[in-house]
Structure formats: structure tokens, C-alpha cells
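Peer 1:
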Amino acid sequence: MPDKTNLRPRAIVVIACAALSLLFSFSASRTNSALRLVAPPPPAREVNSAAKETSAAPSTAFTVSNSSSAVELGHNIDRAIDESKFAKARWGVFVMSMKDGRVLYARNADRTIAPASNMKVYTTAIALDLLGTDYHWRTSVYSEAEPDKSGTISGDLVLYGRGAPDLSSSTERDEKSSLDELADKLYARGVRHVRGGIVGDESYFRGDPLGDGWLWDDVQWYFGAEVSALTINDNAVSVSVTPSGKSGEAASVKLKPETSYVQIKNEATTAERGTPASLGITRGLSDNVVRVWGNFPSSGSGLTARLSVHQPALWAALLFRDALKKRGIAVEGKVRSVDARDAAEDRLDTEHAVELASVEGKSLGQIVRATNKESINLYAELILRTLGHERGATAPPKDPKRMRTRGDDEAGLAVVRQWLEQHGIQTDALALHDGSGLSRLDLVTPETTARLLAAVNQSPARDAFKDSLPVAGRDGTLRGRLRSVKPGSIVAKTGTLTYINSLSGYAMTDTGEPLVFSIICNDETEADASTKTIDAIAALLASYREEGR
0 MPDKTNLRPR AIVVIACAAL SLLFSFSASR TNSALRLVAP PPPAREVNSA
50 AKETSAAPST AFTVSNSSSA VELGHNIDRA IDESKFAKAR WGVFVMSMKD
100 GRVLYARNAD RTIAPASNMK VYTTAIALDL LGTDYHWRTS VYSEAEPDKS
150 GTISGDLVLY GRGAPDLSSS TERDEKSSLD ELADKLYARG VRHVRGGIVG
200 DESYFRGDPL GDGWLWDDVQ WYFGAEVSAL TINDNAVSVS VTPSGKSGEA
250 ASVKLKPETS YVQIKNEATT AERGTPASLG ITRGLSDNVV RVWGNFPSSG
300 SGLTARLSVH QPALWAALLF RDALKKRGIA VEGKVRSVDA RDAAEDRLDT
350 EHAVELASVE GKSLGQIVRA TNKESINLYA ELILRTLGHE RGATAPPKDP
400 KRMRTRGDDE AGLAVVRQWL EQHGIQTDAL ALHDGSGLSR LDLVTPETTA
450 RLLAAVNQSP ARDAFKDSLP VAGRDGTLRG RLRSVKPGSI VAKTGTLTYI
500 NSLSGYAMTD TGEPLVFSII CNDETEADAS TKTIDAIAAL LASYREEGR
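Sequential numbering of the sequence shown, starting at 0, is according to numbering that gives the first Met the number 0.
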């Protein structure tokens with residue numbers, strides 16, 4: 000695990016060369032950094048499947064159906080790939096009927112390929128099946144003893160995280176934030192004064208805060224946020240830059256939420272109207288200093304970038320102290336954080352401490368829905384570590400004598416691999432390195448991905464998992480795609496990294512036959528992405544008709 004303060008900084012520059020007449024936000028399909036217009040999502044659509052569906056037993060060898068309909072489908076998919084500008088890219092495709100297990104199409108289906116965010120279907124589907132949709136994370140406040148008669152806590156107050164993805168210090172609506180709710184409960188418990196300090200304890204999870212195989216280029220942005228058992232506000236802040244009304248003056252730079260934990264170094268200048276925008280935004284990898292520089296034309300309306308926060312557990316502790324003071328609870332001591340690397344005596348022993356207050360956030364089912372609809376990397380990583388912490392003992396390491404202690408992320412991946420094997424899905428070819436797909440080291444096969452989807456379709460998690468997937472043309476990362484297909488006929492998880500594009504999920508054909516599919520493209524080096532080709536293949540599945548059935 001890297002030292003907390005010894006990470007190599009690297010500047011990442013974003014250049015916006017067009018006039019900024021619209022408000023933009025740094026966003027992507029969560030695993031790629033790009034500049035795009037963000038539109039509000041339409042309401043989610045529920046998908047109903049009336050057909051009786053079965054899960055075919057996986058095997059290392061399969062035979063593609065030779066029916067005239069399947070042969071025609073194969074020709075059409077081959078044509079879509081081979082006549083596209085991405086014909087030289089590496090494609091892996093697998094399509095199977097869930098009605099009778101027939102393989103309708105396969106192209107490099109048993110070859111390993113990088114999945115990007117399609118890795119999230121492994122993490123979320125298996126977590127739902129093993130932990131249940133009603134699983135909740137609890138965040139607690141502990142002390143060594145109850146407050147005395149005057150309401151004084153003589154020692155430290157410990158904010159103890161267990162991986163809740165939705166802990167917050169502020170809300171968009173009128174309801175109380177998680178930290179305000181905890182402060183209210185402490186006040187109701189009689190706490191008025193803390194002589195010690197505030198400790199943000201993230202020791203519940205073992206392992207690195209960054210995923211194995213993540214790029215330095217990614218980790219300063221929100222989609223590469225550090226993973227912490229004491230996550231707060233998605234471990235990210237929004238940095239908004241707007242020009243002043245006069246050329247030569249400094250541009251305005253603001254944070255949301257406002258916080259002193261992140262420092263702004265503003266070197267951005269307002270340029271004359273019509274001047275091309277040239278802005279740079281960077282955060283050092285081992286600090287929370289955000290530098291903004293360059294020229295912003297006075298005609299521009301604004302630019303927003305979301306950056307990750309270094310050491311989020313310490314930020315959570317500082318925000319908690321602020322919430323306590325706002326509620327009327329005085330704190331004398333300093334704020335610090337501890338994690339699993341600290342000495343045992345510095346970490347909280349929950350069995351010998353007094354739990355003064357706790358909050359529960361959204362259920363696993365709700366978090367998985369957000370994770371897959373909007374492809375949130377941080378949530379997927381927290382789910383993976385939760386799975387490892389809760390079920391890792393059932394999937395012990397292959398080498399129990401190794402010197403290094405296994406992290407909860409590694410334990411979670413062992414649980415994923417074990418689940419696949421228990422469902423007859425071979426895992427020898429897989430290389431699993433994180434829960435979100437941000438790692439360039441992840442390798443799966445289209446067949447394994449599709450058979451996982453078929454297997455979870457037979458589990459108690461079926462409905463919750465399907466409901467979590469984006470609906471083509473309606474919501475999530477598919478809201479602007481496949482609008483020509485029948486509503487509800489395609490529900491699937493997208494995936495995007497540099498040179499990687501993927502789509503895996505379920506299709507309901509025109510005749511009501513349920514299909515499962517995985518389409519993954521690697522090494523796409525053209526200027527644009529292979530999205531249109533992938534969508535053309537998915538549309539072929541939605542319109543598929545099996546003659547004589």
C-alpha cells in the first residue's frame with residue numbers, strides 16, 4: 000500500500016478550445032475523461048419480461064446454432080463489424096437464447112478482452128445475490144464512555160465508517176445530511192462538549208485506496224476517487240470556473256460543496272470576448288491543492304470539473320466537527336484519521352467502545368441501481384470491498400502462507416471468482432483486478448460475461464439487478480442511445496475506456512424471445528468510438544426473429 004503522503008504528483012491539463020457558450024461539466028461514462036454537455040436524466044423505466052427464461056449449463060466448448068435465422072443474424076453482425084471503420088479492432092461477441100440455451104452468435108467469445116465498466120455487472124450482480132437487496136451500511140459514532148452529567152466526552156469522538164457510499168455533509172433538498180443527523184442524535188443523547196478530538200476511522204477496510212492497474216491520469220478525477228470505508232460526498236468536489244465581466248481580471252473559481260479542506264490556486268484570467276478558451280485544472284496526487292490556470296473568454300458562461308479528494312476520511316472528520324459545532328457541541332481537540340495500516344492501539348476497538356449514534360443510508364439495491372445506471376466507479380469499488388469484508392472468509396486465498404495480508408478488494412474478487420465457479424462458469428482465463436472496470440488489467444471473456452448474466456437471471460437478485468441496468472433510449476448511460484428499438488427491449492451495462500467500448504445485458508426480441516449478450520471492442524484507435532457499431536449489433540438482437548419457433 001502506498002504511503003499516504005508519498006504519491007507522485009502529475010499535472011493533468013484540460014484544454015477547451017471552443018467558445019464556451021454553454022455550461023459544460025467534466026463527465027464521461029465514469030471510466031473515461033471527456034468534455035460533454037450534461038442533460039438531466041429522464042425517469043427510469045421498469046422492464047417486464049413475460050417469457051419463461053432458463054440458464055443453459057456453461058461449457059468450455061459450444062456450438063453456434065445453424066438455423067437459418069441464426070445464420071442470417073451472424074451474417075448481419077459480421078457485416079456490421081467488418082464493414083465499419085473498426086474492422087481492425089479486436090472484437091468479442093457472444094449471444095445466447097435464455098429460452099433454450101442456444102448460442103446464436105459467437106465471435107472470439109472465449110478470448111480474453113478488457114471489459115471497461117462491464118466489470119460492474121460482475122461486482123453488482125454477485126453482491127446482490129450474496130448480500131441481498133436490503134443490505135445496509137451503518138456509519139457510527141463511538142467514544143470510550145457515555146457523556147458525564149454535564150454532557151462532556153472526556154476523550155475522542157470517533158466517526159467510524161463501514162463503506163457507506165452515500166454518507167453526505169450536505170443535501171440538495173431540505174432533508175438533513177448524514178452528518179447533521181448524527182450530530183442531532185448526539186445532542187439528543189446529551190453530548191455538549193468533547194474534550195478530545197474527532198477521529199475519522201476508515202480501518203474497516205483493508206487494502207489500497209486506489210485500484211490495481213488504475214492510471215495516474217485518472218485518479219485526480221471523480222471517476223478515479225480514492226476508496227475509503229469512510230467515504231463522504233462521493234469523495235469529490237466540483238470546481239466551477241466562470242469569467243468576470245472585464246478582460247484582464249481573474250476568473251471566478253468556486254467549490255461545491257464549499258470546504259477549506261481543498262485549496263484553490265487561481266491563476267485563470269478573463270480574456271477578451273471571442274478569445275479561444277485555454278484552461279488547465281489539476282490536483283496534486285498527494286495533496287488537495289487545485290490549480291486553475293489559463294484564459295477564459297468573457298463571453299463564456301462557465302465550466303465545471305469534478306475532482307477527487309485526497310484522504311477522504313480526514314475530510315469526513317473535519318466536516319463532522321463542523322456539523323457538531325453547528326449543532327452546539329463544542330470540540331476542543333484536533334481532527335485526525337486512522338486506517339488499517341495504523342497500529343492496533345490507534346484504531347477503534349468497537350467491542351470495547353460505546354456506540355453513541357449511527358445512521359443507515361440507502362440499501363444495496365438502491366446503490367446498485369445508481370452504480371449501474373450512471374456507472375459510478377466509487378460505488379462499485381465500495382460494493383466489492385463490502386463483499387470481500389462480509390464474505391471473504393468463504394473464499395480463502397489460494398496461498399494462505401503468503402506474507403502479505405489480503406485486502407478486502409482482493410477478497411471480494413475471490414468471492415466473485417468463487418461464485419462464478421459454483422455456477423459452472425469457468426474462471427481460468429479471467430484476470431480480475433478491481434470492481435469498477437477502471438483498471439486496464441481486467442480481462443474477461445464475452446462468453447463468461449453473458450453466462451454470468453444468464454445465471455443471475457435465475458437468482459433471487461434477478462429483478463433488482465435487471466432494474467439497475469440502463470434502459471436503451473430511456474435512462475442512465477443509455478438514455479441517448481438505441482432510441483429506435485422497441486422501448487424496454489434492450490437493458491444493458493455500458494463500458495468506456497480509452498480504446499475500449501462494451502455493452503452487455505439482455506435483449507427481448509420482437510417475438511418475445513429473451514436473449515443475453517456481451518459485445519466488447521478493444522483497440523479501437525479511430526478518432527470516434529465504436530458505439531454506433533455496437534448499437535447496430537444490439538438493434539439486430541432486438542429485431543431478431545427465429546423462424547419456426
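The beta-carbon is built from N, C-alpha and C at its ideal position, and this holds for glycine as well.
How would you label GLY247, buried or exposed, when you count the other beta carbons within 10 angstroms and need 16 or more for buried?
Peer 2: The residue in question, GLY247, is exposed, as its Cβ has fewer than 16 Cβ neighbours within 10 Å.
Peer 1: Measuring only the C-alpha atoms, how far is VAL289 from ASP233?
Peer 2: Taking the straight line from one Cα to the other gives about 17 angstroms.
Peer 1: Compute the beta-carbon to beta-carbon distance between ARG326 and TYR186, rounded to the nearest angstrom, for a pair I have assumed lies under 8 angstroms.
Peer 2: Rounded, the Cβ-Cβ distance is 5 angstroms, consistent with contact.
Peer 1: Assuming GLY411 and LEU440 make a contact with CB atoms under 8 angstroms, what is their CB distance in whole Å?
Peer 2: Actually they do not touch by this definition, with Cβ atoms about 16 angstroms apart.
Peer 1: Express the C-alpha separation of LYS253 and ARG194 in angstroms, rounding to a whole number.
Peer 2: When rounded, the distance between both Cα atoms is 34 angstroms.
Peer 1: Tell me, please, whether the stretch 473-483 touches the stretch 64-71 by the rule of three or more beta-carbon pairs shorter than 8 angstroms.
Peer 2: Verdict: no, contact absent.
Peer 1: What does a CB cutoff of less than 7 angstroms around TRP90 pick up in its chain, not counting 5 residues either side in sequence?
Peer 2: Here the set comprises ILE80, ARG106, ASN107, CYS520.
Peer 1: How should GLN262 be labelled, buried or exposed, when 16 other C-beta atoms within 10 angstroms of its C-beta is the threshold for buried?
Peer 2: Result: exposed.
Peer 1: With a threshold of 16 other CB atoms inside 10 Å of the CB of SER300, please say whether the residue is buried or exposed.
Peer 2: SER300 is exposed by the Cβ-count criterion.
Peer 1: Ignore the nearest five residues each way along the sequence and tell me which others in THR274's own chain have a CB closer than 7 angstroms to its CB.
Peer 2: Only ASN294, PRO296 meet the Cβ criterion.
Peer 1: For the alpha helix (DSSP H) that ILE80 lies in, which residues bound it at each end?
Peer 2: Element bounds for ILE80: 67-81.
Peer 1: Check the C-beta distance from THR132 over to ALA463 and give it rounded, since I have them as a contact under 8 angstroms.
Peer 2: Indeed they touch by this definition, with Cβ atoms about 4 angstroms apart.
Peer 1: Over the uninterrupted beta strand (DSSP E) stretch that includes HIS388, give me the two end residues.
Peer 2: Segment 376-390 is the alpha helix (DSSP H) holding HIS388; no beta strand (DSSP E) there.
Peer 1: Span of the beta strand (DSSP E) holding TRP136?
Peer 2: First-last of the beta strand (DSSP E) with TRP136: 135-142.
Peer 1: Indicate whether GLU512 and GLU545 have their beta-carbon atoms separated by less than 8 angstroms.
Peer 2: In this structure, GLU545 lies closer than 8 angstroms to GLU512 by Cβ.
Peer 1: Helix, strand or coil, according to DSSP, for ARG450 in the structure here?
Peer 2: Three-state result, ARG450: helix.
Peer 1: Could you tell me the distance, in whole angstroms, from the CA atom of VAL353 to the CA atom of SER336?
Peer 2: The straight-line gap from Cα to Cα measures roughly 19 angstroms.
Peer 1: Who does ALA555 pair with in a DSSP beta bridge?
Peer 2: This structure cannot speak to residue 555, because the chain is shown only from 0 to 548.
Peer 1: Within the continuous alpha helix (DSSP H) that includes SER277, where are the two ends?
Peer 2: Premise fails: SER277 lies in the beta strand (DSSP E), 277-282, not in any alpha helix (DSSP H).
Peer 1: May I have the straight-line CA-CA distance separating THR170 from TYR378, to the nearest angstrom?
Peer 2: C-alpha separation (whole angstroms): 18 angstroms.
Peer 1: CB SER362 to CB LYS119, shorter than 8 angstroms?
Peer 2: Not in contact: SER362 and LYS119 (Cβ atoms no closer than 8 angstroms).
Peer 1: Going by DSSP, which residues form a beta bridge with GLU359?
Peer 2: According to DSSP, GLU359 bridges with ARG137.
Peer 1: Quick check on DSSP: helix, strand or coil for ILE328?
Peer 2: Reduced to three states, the DSSP call for ILE328 is coil.
Peer 1: Return yes when the Cβ of PHE204 is within less than 8 angstroms of the Cβ of SER517, no when it is not.
Peer 2: No. Outside cutoff.
Peer 1: Look at the alpha carbon of ASN47 and the alpha carbon of ALA537, and state the distance between them as a whole number of angstroms.
Peer 2: Because ASN47 sits at a pLDDT of 34, beneath the cut-off of 50, its placement in the model cannot be relied upon, and the following sentence gives the value as read from the coordinates. Near 18 angstroms, if we compare the C-alpha coordinates of ALA537 and ASN47.
Peer 1: Could you check whether ASP200 and LEU229 sit closer than 8 angstroms to each other, using their CB atoms as the reference points?
Peer 2: Contact: yes.
Peer 1: Name the one or two DSSP bridge partners that PRO513 has.
Peer 2: DSSP output for PRO513 lists MET507 as bridge partner(s).
Peer 1: Would DSSP call LYS264 helix, strand or coil?
Peer 2: In the structure shown, LYS264 sits in a strand (DSSP, three-state: E or B).
Peer 1: Near ALA226, which residues of its chain fall below 6 angstroms by C-beta distance, leaving aside the five closest residues on each side in sequence?
Peer 2: It should be pointed out that residue 226 corresponds to Val in this sequence rather than to Ala. So the qualifying residues of the chain are PRO208, GLU380.
Peer 1: Based on Cα-Cα distance, which residue from GLN219, ALA270, PRO469, GLU82 lies nearest to TRP292?
Peer 2: Nearest option by C-alpha distance: ALA270.
Peer 1: I'd like to confirm something about ASN234: is its beta-carbon nearer than 7 angstroms to some heavy atom of the ligand FMN, or not?
Peer 2: Of ligands this structure carries none, so the ligand FMN is not represented either.
Peer 1: To the nearest angstrom, how far is the alpha carbon of SER259 from that of ARG137?
Peer 2: Going from the Cα of SER259 to the Cα of ARG137 covers about 27 angstroms.
Peer 1: Examine chain D for any beta-carbon lying closer than 8 angstroms to the beta-carbon of GLY511, and answer yes or no.
Peer 2: Protein chains in the displayed structure number just one, and chain D is not present.
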